[in-house]
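Asker:
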Amino acid sequence: MPTRRRALKTLVAGAAALVTSPNFSFAERAANQSPITLQPITDEPITRKGNIRHSVCRWTYGDLPLDELCIFAKQIGLSAIDLIGPKEWEVLKNHGLDSSMCNGAEVGLTKGFNDPQYHAQLVQNYTDMIPLVAKAGYKNLICFSGNRNGMDDETGLKNCVVGLQKILPLAEKNGVIIQMELFNSKVDHKDYMCDKSAWGIELCKRLGSENFKLLYDIYHMQINEGDVIRTIRDHHAFFGHYHTAGVPGRHEIDETQELFYPAIMRAIVETGFKGYVAQEFIPTAGDKLGSLSKAIDICDV
Numbered sequence: 002m003p004t005r006r007r008a009l010k011t012l013v014a015g016a017a018a019l020v021t022s023p024n025f026s027f028a029e030r031a032a033n034q035s036p037i038t039l040q041p042i043t044d045e046p047i048t049r050k051g052n053i054r055h056s057v058c059r060w061t062y063g064d065l066p067l068d069e070l071c072i073f074a075k076q077i078g079l080s081a082i083d084l085i086g087p088k089e090w091e092v093l094k095n096h097g098l099d100s101s102m103c104n105g106a107e108v109g110l111t112k113g114f115n116d117p118q119y120h121a122q123l124v125q126n127y128t129d130m131i132p133l134v135a136k137a138g139y140k141n142l143i144c145f146s147g148n149r150n151g152m153d154d155e156t157g158l159k160n161c162v163v164g165l166q167k168i169l170p171l172a173e174k175n176g177v178i179i180q181m182e183l184f185n186s187k188v189d190h191k192d193y194m195c196d197k198s199a200w201g202i203e204l205c206k207r208l209g210s211e212n213f214k215l216l217y218d219i220y221h222m223q224i225n226e227g228d229v230i231r232t233i234r235d236h237h238a239f240f241g242h243y244h245t246a247g248v249p250g251r252h253e254i255d256e257t258q259e260l261f262y263p264a265i266m267r268a269i270v271e272t273g274f275k276g277y278v279a280q281e282f283i284p285t286a287g288d289k290l291g292s293l294s295k296a297i298d299i300c301d302v
């Protein structure tokens, strides 16, 4: 296993520019990352304030070996890695890190519960995956609405209810929360159905289960509807997880973009939220892991 000192001083990995097409899977995006250069930092792990449980999405640092990402994550005060499937859970456990959002049951971002033609496969996938998530000691499992393909909102809601109701009893039995991610349909995920918080909230209400929540992606919802802090304050009961990134561009969450993340994080803390906030920005700085450390500094309110 890599040593902490090696991870903190010598990492360099190369690949082409990151692919951000909505048709690419997390794995495909990760395989096309740009180089990472890690600058030296202190050997002493950073102690965070404890108000926010910090995580980072695996695919945004996909060209870094997971072992070494875990070492760095612990060094800067993260307690989890996001969007991790069963094949890599053992690595997280070796480092004492949580899988803050599990994946691997989905058919695809564009092929989701809004389309009955995918229900049989989705139900089978989630029926297989939910017990694995629970057995591993994890809590969250991602899902997607899928694209509209000409479908109206009401039909999509009804179809999602039908499909999700087939897996929610198992999720409830196992203590697993199924979380549907909100995406923007203006820039990154054209035609995606769950592109408005109101649509997702209505789906939550119709399902009426504490084991179905929305993954509120701050970057995506800023693009599609804005009003981020008020939405969090008014509807936090429906949000089970948060993702971050800078707007515009989906890059660092620093002063180069329009969102003021300290205020957003304070709003989240004020709701009593006990889940995870996962960084999902695509780093552009030469010191890409330095960007991650800075993002955690910004969000640690």
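For my numbering, add 1 to where a residue sits in the sequence shown, where the first one is 1.
Even glycine gets a Cβ: it sits at the ideal position worked out from N, Cα and C.
1. Cβ of A279 within 9 Å of Cβ of V92?
2. Kindly indicate the opening and closing residues of the beta strand (DSSP E) around R267.
3. May I ask which residues mark the beginning and end of the alpha helix (DSSP H) holding N175?
4. Quick one: Cα of G296 to Cα of G176, how far?
5. What residues in its chain sit with their C-beta under 6 Å from that of H120, if we drop five residues either side in the sequence?
6. When the Cα atoms are used, what is the spatial distance from I77 to P132?
7. How many Å lie between K140 and N126 at the Cα?
8. Whole angstroms are fine: how far does the CA of I53 sit from the CA of G276?
9. Looking at the unbroken beta strand (DSSP E) that takes in T245, where does it start and where does it end?
10. Just how far apart, CA to CA, sit V124 and N115?
11. Expressed to the nearest angstrom, what Euclidean distance is found between the alpha-carbon atoms of E256 and L65?
12. Looking at R251: is its Cβ nearer than 9 Å to the Cβ of F274?
13. If you scan the stretch 102 to 186 from start to end, which runs of the beta strand (DSSP E) of 3 or more residues do you find wholly inside it?
14. Please work out which residues of its chain come closer than 7 Å, Cβ to Cβ, to W90, disregarding the five sequence neighbours upstream and downstream, and give them in chain order.
15. On a CA-only basis, which of G105, M102, A81 is nearest H96? Give me that one, please.
16. What is the rounded straight-line gap between the Cα of T156 and the Cα of S292?
17. Compare the beta carbon distance of F213 and I178 with 9 Å and say whether it is the shorter of the two.
18. I think L216 touches H242, with their Cβ atoms under 8 Å apart; what is that distance to the nearest whole Å?
19. In terms of residues, what are the limits of the alpha helix (DSSP H) holding D235?
20. DSSP beta-bridge partners for Q280?
21. Just to confirm, does K206 get its C-beta within under 8 Å of one of the non-hydrogen atoms of the ligand COA?
22. Have a look at Q223 and V229 and give me their C-alpha separation to the nearest angstrom.
23. Have a look at T61 and D83 and give me their C-alpha separation to the nearest angstrom.
24. Can you list, in chain order, the residues of its chain with a C-beta nearer than 8 Å to that of R207? Leave out the 5 residues immediately preceding and following it.
Answerer: Let me lay it out:
1. Not a contact, by the Cβ cut-off of 9 Å.
2. Per DSSP, R267 belongs to no beta strand (DSSP E); it is in the alpha helix (DSSP H), 262 to 271.
3. 169 to 175 is the span of the alpha helix (DSSP H), which, as asked, contains N175.
4. Position check: residue 296 holds Ala in this sequence, whereas Gly was assumed. Looking at the two C-alpha atoms, the distance is approximately 31 Å.
5. Cβ-Cβ distances below 6 Å link H120 to G164 in the same chain, with the five nearest sequence neighbours on each side left out; the list follows chain order.
6. Cα to Cα, I77 sits roughly 31 Å from P132.
7. So the two alpha carbons sit approximately 17 Å from each other.
8. Approximately 8 Å between the Cα atoms of the pair.
9. Taken as a continuous stretch (DSSP letters only), the beta strand (DSSP E) holding T245 covers 240 to 245.
10. Rounded to whole angstroms, V124 to N115 spans 13 Å at the Cα level.
11. Rounded to whole angstroms, E256 to L65 spans 26 Å at the Cα level.
12. Against a cut-off of 9 Å, the Cβ pair of F274 and R251 comes out as no contact.
13. The qualifying runs are 141 to 144, 178 to 182.
14. These residues qualify, in order along the chain: S100, A137.
15. Among G105, M102, A81, the Cα nearest to that of H96 is on A81.
16. The alpha-carbon atoms of T156 and S292 are separated by roughly 42 Å.
17. Yes, the Cβ-Cβ distance between F213 and I178 is below 9 Å.
18. Sure, about 5 Å apart at Cβ, within 8 Å.
19. For D235, the enclosing alpha helix (DSSP H) covers residues 229 to 236.
20. Answer by DSSP bridge pairing, in chain order: V57, T245.
21. Because no ligand of any kind appears in the structure shown, any question about the ligand COA cannot be addressed here.
22. Each residue's Cα considered, the two are about 6 Å apart.
23. CA-to-CA, the gap between T61 and D83 works out to about 10 Å.
24. Beyond the five residues adjoining it in sequence on each side, R207 comes within less than 8 Å, by CB distance, of L158, V162 in the same chain, given in chain order.
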